[in-house]
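Okay, so the sequence shown: first residue is 305 according to the numbering used here, each after it adds one.
Each residue gets a CB set at the ideal place from its N, CA and C atoms; glycine is no exception.
See structure below.
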Amino acid sequence: MREDFLLYHTQTHTHTHTHTHTHTHTHTHTEESFRELRIGFVCFVLVPADLDIKPINKRASGQAFEVILKAASPVSEVAHCVTTPPKRDISLEDIQKKLEAAEDRRKSQEEKVLRFLAEKREHERDVLLKAMEENSNFSRMAEEKLQMKMEQNEENRMAYLSAIMERLQEKVKADDQNISFECKLCKFSKHFASGERKHLEMVLSAVRVRPLRRKQ
305 MREDFLLYHT
315 QTHTHTHTHT
325 HTHTHTHTHT
335 EESFRELRIG
345 FVCFVLVPAD
355 LDIKPINKRA
365 SGQAFEVILK
375 AASPVSEVAH
385 CVTTPPKRDI
395 SLEDIQKKLE
405 AAEDRRKSQE
415 EKVLRFLAEK
425 REHERDVLLK
435 AMEENSNFSR
445 MAEEKLQMKM
455 EQNEENRMAY
465 LSAIMERLQE
475 KVKADDQNIS
485 FECKLCKFSK
495 HFASGERKHL
505 EMVLSAVRVR
515 PLRRKQ
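Encoded structure:
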């Protein structure tokens, strides 16, 4: 079959090259050759080995083929004959073994599920403990910062009050000094005024006495 296909392909190729003088005639024969080549290739690929294909009638409208079925070989009949193994009777022991194997699989699956749930709970507990620890640390740090801020504010307030008290004491001291100076000045002025008055009286008395002495 492969030799016929190659021979057909060679004849078609030679027939195409011998008609290259006229353009229209060559184009038509080329299309027919390619169509026949495609049909032959499809039949060669898709048709099984037990079929024989022969071209019988070649026309301008198409190509006709004759399909011949080959005789079936005894080998193929043996190959297609599939025998099923005879069924074996299942004993009570086999059933018991299957039940035990199924029970073992069920227990193994339950153990896997329980192990998975235990690991999941352990992970959730670790996450919860970590969150609680982080929350506790955050609360402790926030409390420490607040305590430090309150102590700093208290120190600043006491320093401010001390500065105010010191300024007030200085002002009171200055006022006391001014008052004592004013008191001393007032006493001095009074003393000076009394002494000056006595001295003036003595001068006046002396002036009055002297003229009287001149008259005598």
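Checklist line | Straight-line Cα distance separating Lys434 from Ser263 | finding: As shown, the chain starts at 305 and ends at 520. That puts residue 263 outside it, with no answer to give.
Notebook entry, point to check: In three-state DSSP terms, what is Ile394?
Noted result: Ile394: coil per DSSP, three-state reduction.
Check: Given Met436, which residues of its chain have a CB within under 8 Å of its CB, disregarding the five upstream and five downstream residues?
Finding: Cβ within range, chain order: n/a, list empty.
Next item on the list: Express the C-alpha separation of Glu459 and Gln473 in angstroms, rounding to a whole number.
Entry: About 21 Å.
Margin query: Can you list, in chain order, the residues of its chain with a C-beta nearer than 6 Å to that of Ile468? Leave out the 5 residues immediately preceding and following it.
Written below: There are no such residues.
Item checked: Beta-carbon proximity list for Arg419, same chain, < 6 Å, skipping 5 on both sides -> Result list for Arg419: empty, nothing under 6 Å.
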